[in-house]
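K.L.:
First the structure, which I've put down as structure tokens, then a few questions once you've had a look.
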Amino acid sequence: MADDSVADAAGLRRTCDTVVAGGLVALVLFAPLAVGAVDPVSCAVLQAVVALLALLWLAECLALASCGRRMARVGWILVPPLVFSVLAGLQWADPGAPLPASACRFATRIELCRVVTCVLAFVVVATHVSGAATFHRLLVAVCCAGVLLSLLAGCDWALGGLPWPFGERASRVHIPPVFLLGYLAMAAPIGMARCALRYGDRRYGTGLGALVWLGATVLMLAILALVGGFVGMVGVLAAGILIALLLPARAGSRARAAGVLLLAVLLAGCLWPASRSAGERLLLWADALRMWRAAPVFGSGLGTFAHVFPAFKSAGLQAAHVHAASEPFELLAEMGIAGAASVAVFLVLWYYRCLKGWRRVEPGRRTWMLLGSVAAVAGVLAQSCVLSCLRIPANAFTCAVILGVGWALGHEAVAQPPAPGTADKEA
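My numbering puts the first residue of the sequence shown at 7, with every later residue one more than the last.
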């Protein structure tokens, strides 16, 4: 009887984990291919499926009495997102924005739903028990979606539009550049990490697989340079620097990383975006700081930038601005010091755990996945400093998934004693 109970519990765990893992991979592919899930229908589908997966995860935890053990894998890092969500919820209940309260309340509710969706996705991924196989599929799915988006963006740029299966009654749509640049700033660093480890150390494999990863990475970098110019390369430059610093201390791998980084710098220096000048960005950021000074502690309310900013816009800005073209400035204006501090604490805790795990992780599949996760988050954070790319639902959801993968891998590595062969990484 006891053996039957153990077998039933193991079967339930495998079934639930398989469904959750399949749903996450499907969403990682669906969200970017739905043009960033910016339209209400695609965004609603994304949020509904994440909620269902979270309910299934909770039901599994309750049935197997594993809630405490799984939540222990997350620990205190869940506190900053909860604080941020509570602050946004209070703003929605009593919006402090000086301009139309109904519009600000609706905008805050939409952004709050997206924040909750990302928090749920992070928790489900970070506490998933299937291990490296699921994390590998998720990161490969991110890269596959990035490659497909790059191919479609190239055709879209060349032909002036593509037939698209999603969208609002439009047979031909253009891929939003902000969405594309933000997504590739996460997907390309994953490929860069895989290529750096494969070509820097033969233990990570060579041959056809290495050529496929190299070709996919070069394609994504080329689209970033073509679509975004210098601004589009900010994220991958930051990720490249981080990869070069974290690679094992071998002359060959560091030389290759330095060559790739130098090539990226030269390519980026020859290009500059024509959509928005540097002077306009600086003026926009200065006005966003003026907006923050009006409510420095708690901000005007999450998602209210488009409604509140016109009261602070300078005469030099002619066009209407829905976002601040910089996540740090927009976050500071909308959530104040309290919201920005909660995000900063979360990122510090996340990077501390991942970098500590990087020193202990054994060479193999987990090594490139952890390096790719750390580089991808660095890439999208750097990219978000010059573009409001994390306001796109697909980018925010994908970032939450990568954060969950990195945290889980870092937690597993820290929980294990240092393995032989990791001394070169600590040197």
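Glycine included, every Cβ here is placed at the ideal spot set by N, Cα and C.
(1) Using the rule of at least 16 other Cβ atoms within 10 Å of the residue's Cβ for burial, across every protein chain shown, is Pro38 buried or exposed?
(2) Arg296 by DSSP, collapsed to three states: which one?
(3) In three-state DSSP terms, what is Gln53?
(4) Taking just the CA atoms, how far does Pro334 sit from Leu288?
(5) For His1, name the three-state secondary structure that DSSP assigns.
(6) In its own chain, which residues sit with a C-beta less than 6 Å from the C-beta of Ala419, not counting the 5 before and 5 after it?
(7) Counting along the chain, where does the alpha helix (DSSP H) carrying Gln422 start and finish?
(8) How long is the line joining the alpha carbons of Ala301 and Val354, rounded to whole angstroms?
(9) Suppose the cutoff is 6 Å on Cβ atoms and the five residues either side in sequence are ignored; what does the same chain contact list for Pro171 look like?
(10) How would you call Gln97, buried or exposed, if buried means at least 16 neighbouring beta carbons within 10 angstroms?
(11) Please determine if the segment 368-379 and the segment 394-403 are in contact, where contact requires at least 3 C-beta pairs separated by less than 8 Å.
(12) Looking at C-alpha atoms only, which residue of Ala384, Pro182, Val351, Arg296 is the closest neighbour of Arg397?
(13) Check Cys22 in the structure and name its three-state DSSP category.
(14) Alpha helix (DSSP H) containing Leu387: first to last residue?
(15) Identify which residue in Glu286, Ser320, Gly285 has its Cα closest to the Cα of Met297.
(16) Should Val26 go down as buried or exposed, given a rule of 16 or more other Cβ atoms within 10 Å for buried?
(17) Suppose contacts are defined by Cβ-Cβ distances below 7 Å. Is Ala231 in contact with Gly385 by that definition?
(18) Between Gly81, Leu68, Ser91, Ile196, which has its C-alpha nearest His5's C-alpha?
(19) I need the straight-line Cα distance from Ala228 to Leu361, nearest angstrom please.
(20) Roughly how many whole angstroms lie between the Cα atoms of Leu157 and Pro46?
(21) Keeping to the same chain, check which residues put their C-beta closer than 6 Å to that of Ser382; ignore five residues upstream and five downstream.
(22) Put Asp45 into one of helix, strand or coil per three-state DSSP.
(23) In terms of alpha-carbon separation, which member of Leu186, Leu252, Val146 lies closest to Val218?
(24) What is the rounded straight-line gap between the Cα of Tyr357 and the Cα of Asp23?
(25) With DSSP collapsed to three states, give me the class of Ser394.
(26) For Gly29, which residues from the same chain have a beta carbon less than 7 Å from its beta carbon, with the 5 sequence-adjacent residues on both sides left out?
(27) Is Leu248 close to chain D? Criterion is C-beta to C-beta, closer than 7 Å.
(28) Please confirm whether Ala294 and Ala330 have their CB atoms less than 7 Å apart.
(29) Residues in its own chain within less than 8 Å of Thr114 by CB, not counting five upstream and five downstream?
(30) Using only the alpha-carbon positions, how far apart do Phe304 and Ala138 sit?
(31) Can you give the Cα-Cα distance for Val121 and Ala216, rounded to whole angstroms?
(32) In angstroms with no decimal places, state the Cα-to-Cα distance between Cys201 and Phe128.
P.N.:
In terms of the structure at hand:
(1) buried
(2) helix
(3) helix
(4) 13 Å
(5) The chain is shown from 7 up to 433; residue 1 falls before or after that span and cannot be answered.
(6) Gly363, Arg366, Val367
(7) Premise fails: Gln422 is in no alpha helix (DSSP H) and is neither H nor E.
(8) 25 Å
(9) In this predicted model, Pro171 has a pLDDT of only 46, less than 50, meaning its place in the structure is not dependable enough to derive any value.
(10) buried
(11) no
(12) Pro182
(13) helix
(14) 371-390
(15) Ser320
(16) buried
(17) no
(18) Outside the displayed range of the chain (7 to 433) lies residue 5, so it cannot be described from this structure.
(19) 29 Å
(20) 25 Å
(21) Per the sequence presented here, residue 382 reads as Ala, with Ser not at that position. Only Met192, Pro195, Ile196, Ile408 meet the Cβ criterion.
(22) coil
(23) Val146
(24) 26 Å
(25) coil
(26) Val55, Leu59
(27) The displayed structure is made up of one protein chain only, and chain D is not part of it.
(28) yes
(29) Ala94, Gln97, Trp98, Pro101, Gly307, Leu308, Gly309, Thr310
(30) 39 Å
(31) 36 Å
(32) 26 Å
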